[in-house]
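Worksheet: one structure, shown below.
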Amino acid sequence: MSEILQIEGLRAHIGGQQVVEDIAFAVPATGVTALLGRNGVGKTSTLKAVLGLISRTGHVTLAGERIDGEPTHRIVQRGVGYVPEDRDVFSKLTVAENLQLASRGRPSSERRDLVESLFPDLVRRAQQTAGTLSGGQQQMVALARALLNENRVLLVDEPTKGLAPKVVQEVSVALETAAQTVPILLVEQNLTVVRRLAAGAIVLSGGRVSYRTESARALLDDDHLTRSLLGVGGEAHDAGPAPSRAKGTGGAHRAGGNAPSSASAADQEAAR
Ligand SMILES: Nc1ncnc2c1ncn2[C@@H]1O[C@H](COP(=O)(O)OP(=O)(O)OP(=O)(O)O)[C@@H](O)[C@H]1O
Ligand SMILES: [Mg+2]
0 MSEILQIEGL RAHIGGQQVV EDIAFAVPAT GVTALLGRNG VGKTSTLKAV LGLISRTGHV
60 TLAGERIDGE PTHRIVQRGV GYVPEDRDVF SKLTVAENLQ LASRGRPSSE RRDLVESLFP
120 DLVRRAQQTA GTLSGGQQQM VALARALLNE NRVLLVDEPT KGLAPKVVQE VSVALETAAQ
180 TVPILLVEQN LTVVRRLAAG AIVLSGGRVS YRTESARALL DDDHLTRSLL GVGGEAHDAG
240 PAPSRAKGTG GAHRAGGNAP SSASAADQEA AR
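Counting along the sequence shown from 1, when you hit position 227 you're at 226 in numbering that gives the first Met the number 0, and nothing is skipped either side.
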């Protein structure tokens, strides 16, 4: 399978503290790949390191071309879209103004059609100031901003955080449709959403990769493993029936040389 983003030996620090330690993984050129892990393990920092928003070393290649030496604006221009954890909409500007500001160049009519079909509510609210939108509507604006541009990959950080279940569902549908047009690296704590959207998954622990799998579903179906890696059960009650699969397959493996010391004792136990 071809890969759009490859990360090797990525390290990053914030204010003298190492928050990303020797991370390596690849993002396939299609579909959704989940980036998982408990709170504070470095998921957001990994996305920021890829974008050059925090000081980093290591190799990052986008479609085979090194981008790790480039400043953030060039990385964005090359087509790495970012939907940050806290949405960051301009609260005093209207929905339409937020979208205009985010556009790099004139969006194609296909892009505009995609965004309008995904978020009809935003079309209706084009003249509403973004600060008066609900959290879910602001998340739609944040996603719409990224989707208006011709991106080669999207880095999306916890898009369903703090949203009501119905809105989580709407955001999931939007991401699912968007993923048919652009590969997505998705940080997500809601495992029902992960189960629905993600093909593969990478799990971080202590700033390192502790687990990788080509089948996020197989990971989530293994309750013991999910608990040891993520601290919560992998069962998803409203995700519909899982397709039949062979347990323990799907290309899953503990991170090897990349992160020998990252798995906790419980993780090591789970791997046996
Ligand atoms: N601005 C900052 N200054 C100092 N330390 C920071 C800063 N931002 C993050 N950190 C630390 O870096 C580590 C990784 O944080 P990060 O936000 O990347 O984790 P995360 O996996 O995204 O967590 P969460 O699930 O809570 O979003 C944590 O120990 C955090 O306390
Ligand atoms: Mg985070």
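Note that beta-carbon positions come from the ideal geometry of N, C-alpha and C, so glycine has one too.
Please read these numbers as outputs of a predicted model, since none were measured by experiment.
What does the alpha-carbon distance come out to for the pair Glu157 and Thr71? 21 Å
Measuring alpha carbon to alpha carbon, tell me which residue in Gln76, Pro83, Ser54 is nearest Leu275. A query on residue 275 cannot be resolved here, the shown segment of the chain reaching from 0 to 271 and no further.
Counting only the same chain and skipping the five closest in sequence on each side, list residues whose C-beta sits under 6 Å from that of Thr32. Val26, Leu184, Gly199
Report buried or exposed for Gly239, applying the criterion of at least 16 other Cβ atoms within 10 angstroms of its Cβ. Confidence at Gly239 is low in this model, with a pLDDT of 36, below 50, so the placement of that residue should be treated as unreliable; the coordinate-derived value is given next. By the 10 Å Cβ count, Gly239 comes out exposed.
If you follow the alpha helix (DSSP H) that Gln99 is part of, which residue opens it and which one closes it? 94–101
Contact set for Arg37: own chain, Cβ-Cβ below 8 Å, skip 5 residues either direction: Ser204, Leu229, Gly230
Ala101: which of Leu113, Gly80, Thr56 sits nearest, CA to CA? Gly80
What does the Cβ neighbour count give for Asp67, buried or exposed, with the cut at 16 atoms within 10 Å? buried
Just reading off the alpha helix (DSSP H) that Leu174 is part of, what are its end residues? 164–177
So, at 8 Å on beta carbons, what are the nonlocal neighbours of Leu61 in its own chain, with the 5 sequence-adjacent residues on each side left out? Ile3, Leu4, Ile74, Arg77, Gly78, Val79, Arg151, Val152
Residues near ligand 1, CB to any non-hydrogen atom under 6 Å, in chain order? Ile13, Gly14, Gln16, Val18, Gly36, Asn38, Gly39, Val40, Gly41, Lys42, Thr43, Ser44
Any idea what DSSP makes of Pro259, helix, strand or coil? Bear in mind that the predicted position of Pro259 carries a pLDDT of just 33, short of 50, making it unreliable; the figure below should be weighed with that in mind. Three-state DSSP puts Pro259 in coil, outside helix and strand.
If we call anything under 8 Å between Cβ atoms a contact, is Ser171 one with Val192? yes
Secondary structure at Thr180, three-state DSSP: helix, strand or coil? coil
Figure out for me which residue from Arg111, Ile201, Val181 has the closest Cα to the Cα of Lys42. Ile201
If I'm right that Leu52 touches Leu154 with Cβ under 8 Å, what's the distance once you round it to whole angstroms? Not really, about 10 Å apart at Cβ, beyond 8 Å.
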